[in-house]
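J.: Attaching a single structure in structure tokens format; questions to follow.
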Amino acid sequence: SKLFQFYKYLNEFTPQKITSTKCVNRKEGDLLQLCRRIENIFNKWENFCSSQKEIKNKCCDYFIYWLYGKIEENKLSIYDTFWLYQSVLKIISSNSSNINKNECEVKFKNETSIDVLKNKKVLYDFVENYDYINGKWSRTDRSKQKEYRNYISHIFNLYHTLEEEDRPKGLSKKYEKELNLFKNKFNNEYVLSSLKRKCKIDDLILKSLKRDESVNLLRGNDETVLSIN
Numbered sequence: 001s002k003l004f005q006f007y008k009y010l011n012e013f014t015p016q017k018i019t020s021t022k023c024v025n026r027k028e029g030d031l032l033q034l035c036r037r038i039e040n041i042f043n044k045w046e047n048f049c050s051s052q053k054e055i056k057n058k059c060c061d062y063f064i065y066w067l068y069g070k071i072e073e074n075k076l077s078i079y080d081t082f083w084l085y086q087s088v089l090k091i092i093s094s095n096s097s098n099i100n101k102n103e104c105e106v107k108f109k110n111e112t113s114i115d116v117l118k119n120k121k122v123l124y125d126f127v128e129n130y131d132y133i134n135g136k137w138s139r140t141d142r143s144k145q146k147e148y149r150n151y152i153s154h155i156f157n158l159y160h161t162l163e164e165e166d167r168p169k170g171l172s173k174k175y176e177k178e179l180n181l182f183k184n185k186f187n188n189e190y191v192l193s194s195l196k197r198k199c200k201i202d203d204l205i206l207k208s209l210k211r212d213e214s215v216n217l218l219r220g221n222d223e224t225v226l227s228i229n
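Spelled out as structure tokens, the structure:
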């Protein structure tokens with residue numbers, strides 16, 4: 001998929017040796033190397049994103065979820081995560097690219113919980129990759145189809161759990177963006193009925209999706225529920 005190709009590019013990106021002014025006040029180690037890798041990535045950012053027409057408007061989103069994955073992978077502490085966020089924001093704000101300043105900086109959220117970051121990335125990756133997953137699922141042999149069904153069922157259960165967690169009023173909406181993307185992706189009655197039949201998705205989950213769709217319709221056509229780049 002385009003998303004995983006992007007992740008692969010960032011993972012395999014070979015940093016140049018630079019004298020960093022953004023990744024400082026840290027001992028040598030994985031965290032400092034990650035920060036320097038990010039600084040190198042943004043030095044080449046505009047050329048790379050401009051050449052990828054199909055994902056140009058999603059480059060910042062893809063980078064942010066890749067970063068969430070790296071924070072989880074390295075099991076960074078709250079202190080280290082906050083330091084990394086601040087360093088990345090300095091890298092973004094000092095970069096001359098308008099793409100960075102107008103999009104990446106605005107989208108950046110200082111979430112430090114490893115569990116929250118993992119959930120956000122899992123849900124986003126699924127929505128972004130669903131068409132690719134569905135295409136492979138339809139072409140795979142029966143012996144492997146159960147694996148796809150279990151995976152999709154697991155993600156829908158995760159969506160429902162996070163939706164319930166984010167619903168109470170007055171609390172911060174940690175998963176608002178990812179939940180809205182999910183609702184926007186799965187708003188087709190035929191698709192939901194098909195998934196329910198194949199993956200044994202609970203009716204409560206489907207009702208929550210339909211409930212949110214009804215609420216959005218009542219808001220009227222003039223209100224934008226979600227802006228997707």
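Taking this note's numbering, the leading residue of the sequence shown gets 1, the next gets one more, and so forth.
Built from N, CA and C at the ideal position, the CB exists for glycine as well.
(1) Should the stretch 65 to 76 be regarded as contacting the stretch 17 to 26, the criterion being three or more beta carbon pairs within less than 8 Å?
(2) Do you know offhand how far residue 198's Cα is from residue 95's?
(3) Within this structure, are the beta carbons of residue 107 and residue 141 separated by less than 8 Å?
(4) How many Å lie between residue 109 and residue 173 at the Cα?
(5) On the criterion of 16 or more Cβ atoms from any shown chain inside 10 Å, does residue 159 qualify as buried, or is it exposed?
(6) Give the single residue among 115, 188 and 49 whose Cα lies nearest to the Cα of residue 3.
(7) Shortest alpha-carbon distance to residue 179 belongs to which of 190, 66 and 120?
(8) Excluding the 5 residues flanking residue 82 on each side, which residues of the same chain have their C-beta closer than 8 Å to its C-beta?
(9) Give me the Cβ distance between residue 39 and residue 53, rounded to the nearest whole Å; I'm assuming they're in contact under 8 Å.
(10) Of the residues 65, 191 and 126, which one's Cα is nearest the Cα of residue 6?
(11) Do you know whose CA, among 32, 31, 41 and 143, lies nearest residue 8's CA?
(12) Under 6 Å Cβ to Cβ from residue 43, same chain only, skipping five residues before and after it: list those, please.
(13) Within the same chain, show all residues whose beta-carbon is closer than 6 Å to that of residue 104, passing over the 5 residues directly before and after it, in chain order.
(14) I'd like the ranges of any alpha helix (DSSP H) spanning at least 4 consecutive residues and lying wholly in the stretch 91 to 153.
(15) Out of curiosity, what's the CA-to-CA distance linking residue 133 and residue 71?
(16) Please state whether the Cβ-Cβ distance between residue 124 and residue 181 is less than 8 Å.
(17) Reducing DSSP to helix, strand and coil, say where residue 88 ends up.
(18) For residue 185 versus residue 127, is the C-beta distance shorter than 8 Å?
(19) Please report the straight-line C-alpha distance between residue 129 and residue 63, rounded to a whole angstrom.
(20) So residue 195 and residue 152 are supposed to be a Cβ contact under 8 Å. How far apart are they, rounded?
(21) Look at the alpha carbon of residue 144 and the alpha carbon of residue 135, and state the distance between them as a whole number of angstroms.
T.: The structure says:
(1) no
(2) 48 Å
(3) no
(4) 12 Å
(5) buried
(6) 49
(7) 120
(8) 110 and 112
(9) No, residue 39 and residue 53 are not in contact; Cβ-Cβ is about 25 Å, not under 8 Å.
(10) 65
(11) 41
(12) none
(13) 60 and 92
(14) 114 to 139
(15) 25 Å
(16) yes
(17) helix
(18) yes
(19) 15 Å
(20) 7 Å
(21) 14 Å
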